[in-house]
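In the UniProt record's numbering, the protein residues as written are 1 to 404. No residue lacks a Cβ here, since even glycine has one placed at the ideal position from N, Cα and C. Fair warning: this is a prediction, and the values are worked out from it, not measured in the lab.
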């Protein structure tokens, strides 16, 4: 079965009644920041908070009665797992999901909540695939691949059909890439609607297998990534062939760029996105000059980010923006010093978050103490004003930027 516009259109008609037609919204704040119009396709609003539900349902709808009765099995780090589990449960199909060890807890729990049996095995998707295939053969279940299947990729391609119905004049569509199913389906669909639209892939620099193939260069695999949903070492050969034919280029983003982009989506547009979507925005931000005067669409492919990870990411983002900073003092070890410092900080309109008063493990003289105070301010300029007030009152204070 070939992944072509006809298959994508047929598949979309089959799944549209049971999937959400997610909005494509204008990102007003990010557009101002970037200097061009950016539109976000909010696939994080799907029933399972990710686009994967489309391809999963598409595959399930092709099963025979006997295959439905025997059940399905899938291997996924989370979003495909939830898509298969959700629609299998809805259709009354037994489902087993193999998830790599270390998969974020929220993704494991949600997959179980949708009614699937979860088996944890392997250190990543690639390490879990063969185990899943063996288990499928043992149990007589149908293996639903997350990306190496033309029907699954056709389901994902429906995202592009909706985007170009909602915003027909998009010049560029940026799509995160893991195994290549989403961008393969979207590229075929998008080019069939508008041959002139650019389709650009986005990958984590630590898992750049598709870019390496696309540009015929060496591959980089650099350990963990925030974009674990696209951390695939071996993309599907069929998808690679389509990507080389239909995709204009593939770019990568570093971990720090991805982290900053996820924070930007949250702080600027109030959108919770996972690292894969962050990779897409990071590529857009990194190559903003290329998009001047164009209308750019980004697939916010999923929002299933671990809550603890998100809380840390937010705090780190506030630190990067200068809204949270650490002040280090050398003070006389006498009563009233901390009280005076707190009063000045409060009078300047900042808030004290944390205080560390160190007497023993320090390099200052015996009759002095080292004091660290973490404050929340409006921005970097506000921090400068607070520090100026403290120094004006006679306190010796250093900021993190002074120590850098």
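Taking 9 Å as the threshold (C-beta atoms), are residue 344 and residue 276 in contact?
Stepping through the chain shown from its first residue, residue 276 is reached at position 276. Stepping through the chain shown from its first residue, residue 344 is reached at position 344. Their beta carbons are not under 9 Å apart, which means residue 276 does not touch residue 344 by this criterion.
State the start and end residues of the unbroken beta strand (DSSP E) segment that holds residue 15.
What you label residue 15 is simply residue 15 of the chain shown in a count that begins at 1. Counting along the chain, residue 15 falls outside any beta strand (DSSP E), though it belongs to the alpha helix (DSSP H) covering 5-15.
My output table needs one value for residue 141: the three-state DSSP class, helix, strand or coil.
On the chain shown, position 141 is the one that residue 141 refers to. The three-state secondary structure of residue 141, taken from DSSP, is coil.
To the nearest whole angstrom, what separates the beta carbons of residue 23 and residue 189, a pair I think is in contact under 8 Å?
By 1-based counting over the chain shown, the position of residue 23 is 23. By 1-based counting over the chain shown, the position of residue 189 is 189. Contact between residue 23 and residue 189 does not hold, since their C-beta atoms are separated by about 18 Å, which reaches or exceeds 8 Å.
On the DSSP letters alone, give me the boundaries of the beta strand (DSSP E) that residue 253 sits inside.
As a first step, residue 253 is located in the chain shown; it is residue number 253 there, counting from the start. Element bounds for residue 253: 249-253.
Apart from the five residues on each side of it in sequence, which residues of its chain come closer than 7 Å, Cβ to Cβ, to residue 404?
In the chain shown, residue 404 corresponds to position 404, counting from 1. Residue placement at residue 404 is flagged as unreliable, the pLDDT there being 47, under the threshold of 50; the coordinate-derived value follows with that caveat. Nothing meets the Cβ criterion.
In the structure shown, what three-state DSSP assignment does residue 198 receive?
Position 198 of the chain shown, counted from the first residue, corresponds to residue 198. It is a strand residue.
Would you mind sorting residue 145 into buried or exposed? The rule is 16 or more other CB atoms within 10 Å of its CB.
In the chain shown, the residue the question calls residue 145 occupies position 145. With a threshold of 16 other beta carbon atoms within 10 Å, residue 145 meets it and is buried.
In three-state terms, what does DSSP make of residue 368?
If you number the chain shown from 1, residue 368 lands on position 368. The answer is strand: DSSP assigns residue 368 an E or B state.
Fully enclosed by the region 21-47, which alpha helix (DSSP H) runs are 4 residues long or longer?
If you keep only unbroken alpha helix (DSSP H) runs of at least 4 residues inside the region 21-47, you get 28-34.
Over what stretch of residues does the beta strand (DSSP E) that includes residue 396 continue unbroken?
Residue 396 sits at position 396 when you count from the first residue of the chain shown. Taken as a continuous stretch (DSSP letters only), the beta strand (DSSP E) holding residue 396 covers 396-399.
Per DSSP, what kind of secondary structure is residue 294 in: helix, strand or coil?
Residue mapping note: residue 294 aligns to position 294 of the chain shown, counting from 1. When secondary structure is reduced to three states using DSSP, residue 294 falls in the coil class, being assigned neither helix nor strand.
Along the chain, where does the alpha helix (DSSP H) that runs through residue 344 open and close?
The residue you call residue 344 lines up with position 344 of the chain shown. 337-347 is the span of the alpha helix (DSSP H), which, as asked, contains residue 344.
Mind checking which residues open and close the alpha helix (DSSP H) that includes residue 161?
Position 161 of the chain shown, counted from the start, is the residue given in the question as residue 161. Residue 161 -> alpha helix (DSSP H) spans 150-166.
Name the DSSP beta bridge partners of residue 177, please?
If you number the chain shown from 1, residue 177 lands on position 177. Residue 177 pairs with nothing; no bridge assigned.
Could you say which of 369, 346, 352 lies nearest to residue 389 if we only look at CA atoms?
Against the chain shown, residue 389 aligns to sequence position 389. Answer by Cα proximity: 346.
Contact under 9 Å by Cβ, residue 331 with residue 354
Indexing the chain shown from 1 puts residue 331 at position 331. Indexing the chain shown from 1 puts residue 354 at position 354. At the C-beta level, residue 331 and residue 354 stay beyond 9 Å of one another.
Beta-carbon within less than 7 Å of residue 141's beta-carbon, same chain only, minus the 5 sequence neighbours each way: which residues are those?
Taking the first residue of the chain shown as 1, we reach residue 141 at position 141. Once the five neighbours on either side are set aside, the close Cβ partners of residue 141 are 70, 71, 72, 73, 96.
Are three or more beta carbon pairs between the region 224-237 and the region 251-258 nearer than 8 Å?
Touching, yes.
Per DSSP, cross-strand counterpart(s) of residue 224:
Against the chain shown, residue 224 aligns to sequence position 224. Answer is none; residue 224 lacks a bridge partner.
Indicate whether the contact test is met: 3 or more Cβ pairs, each with one atom in the region 231-243 and one in the region 284-302, closer than 8 Å.
Using a Cβ-Cβ distance cut-off of 8 Å, the region 231-243 and the region 284-302 are not in contact, since fewer than three pairs of beta carbons, one from each stretch, lie closer than that value.
Assuming residue 159 and residue 198 are in contact, meaning their beta carbons sit under 8 Å apart, how far apart are those beta carbons, in whole angstroms?
Here residue 159 corresponds to residue number 159 of the chain shown, with the count starting at 1. Here residue 198 corresponds to residue number 198 of the chain shown, with the count starting at 1. Incorrect: roughly 16 Å between the Cβ atoms, too far for contact.
Round the Cβ separation of residue 89 and residue 114 to the nearest angstrom and send it over; I've been treating them as touching at under 8 Å.
Taking the chain shown and counting its residues from 1, the one referred to as residue 89 is at position 89. Taking the chain shown and counting its residues from 1, the one referred to as residue 114 is at position 114. Yes, they are in contact, since the Cβ atoms of residue 89 and residue 114 sit about 5 Å apart, within 8 Å.
Own chain residues within Cβ distance below 7 Å of residue 164, not counting five before or after
For the purposes of this step, residue 164 is taken as residue 164 along the chain shown, with counting starting at 1. For residue 164, the CB contacts under 7 Å within the same chain, skipping 5 residues up- and downstream, are 170, 190, 193, 194 in chain order.
Report the rounded CA-to-CA distance for residue 148 versus residue 281, giving the unit in angstroms.
As a first step, residue 148 must be located in the chain shown, where it is residue number 148. As a first step, residue 281 must be located in the chain shown, where it is residue number 281. If you take the alpha carbons of residue 148 and residue 281, they lie about 25 Å apart.
Can you tell me where the beta strand (DSSP E) holding residue 326 begins and where it ends?
As a position in the chain shown, residue 326 is number 326, starting the count at 1. 324-332 is the extent of the beta strand (DSSP E) around residue 326.
Using the Cβ count rule (16 or more neighbours within 10 Å means buried), how would you classify residue 252?
Translated into the one-based positions of the chain shown, residue 252 becomes position 252. Buried is the call here.
Kindly list the residues whose CB is nearer than 7 Å to the CB of residue 156, restricted to its own chain and excluding five residues on each side of it in sequence; keep chain order.
As a working note, residue 156 is residue 156 in the chain shown. If you ignore the 5 residues before and after residue 156, its C-beta comes within less than 7 Å of the C-beta of 51, 54, 55, 181, 182, 185, 186, all in its own chain and listed in chain order.
What is the rounded straight-line gap between the Cα of residue 9 and the Cα of residue 64?
Mapped onto the chain shown, residue 9 falls at position 9. Mapped onto the chain shown, residue 64 falls at position 64. Within the model, the alpha-carbon separation for residue 9 versus residue 64 is close to 21 Å.
Does the distance from the CB of residue 60 to the CB of residue 91 come in under 9 Å?
Taking the first residue of the chain shown as 1, we reach residue 60 at position 60. Taking the first residue of the chain shown as 1, we reach residue 91 at position 91. Yes, the Cβ-Cβ distance between residue 60 and residue 91 is below 9 Å.
Grab me the residues of residue 67's own chain with a C-beta within less than 6 Å of its C-beta, minus the 5 sequence neighbours each way, in chain order.
Sequence index remark: in the chain shown, residue 67 carries index 67 (1-based). For residue 67, where only same-chain residues beyond five positions count, the Cβ hits under 6 Å are 142.
Roughly how many angstroms lie between the CA atoms of residue 386 and residue 13, to the nearest whole one?
Taking the chain shown and counting its residues from 1, one reaches residue 386 at position 386. Taking the chain shown and counting its residues from 1, one reaches residue 13 at position 13. Straight-line Cα distance between these residues: approximately 60 Å.
Residue 269 and residue 304: beta carbons closer than 9 Å?
Here residue 269 refers to the residue found at position 269 of the chain shown. Here residue 304 refers to the residue found at position 304 of the chain shown. Contact: no.
Spatial distance of residue 58 from residue 376 (CA atoms):
In the chain shown, counting from the first residue as 1, residue 58 sits at position 58. In the chain shown, counting from the first residue as 1, residue 376 sits at position 376. Computed Cα separation, rounded: 48 Å.
Let me confirm a value: residue 320 is counted as buried when at least 16 other C-beta atoms fall within 10 Å, else exposed. Which label applies?
Mapped onto the chain shown, residue 320 falls at position 320. The C-beta of residue 320 has fewer than 16 other C-beta atoms within 10 Å across all chains shown, which makes the residue exposed.
Rounded to whole angstroms, what is the Cα-Cα separation between residue 395 and residue 350?
Here the question's residue 395 lines up with position 395 in the chain shown. Here the question's residue 350 lines up with position 350 in the chain shown. Taking the straight line from one Cα to the other gives about 17 Å.
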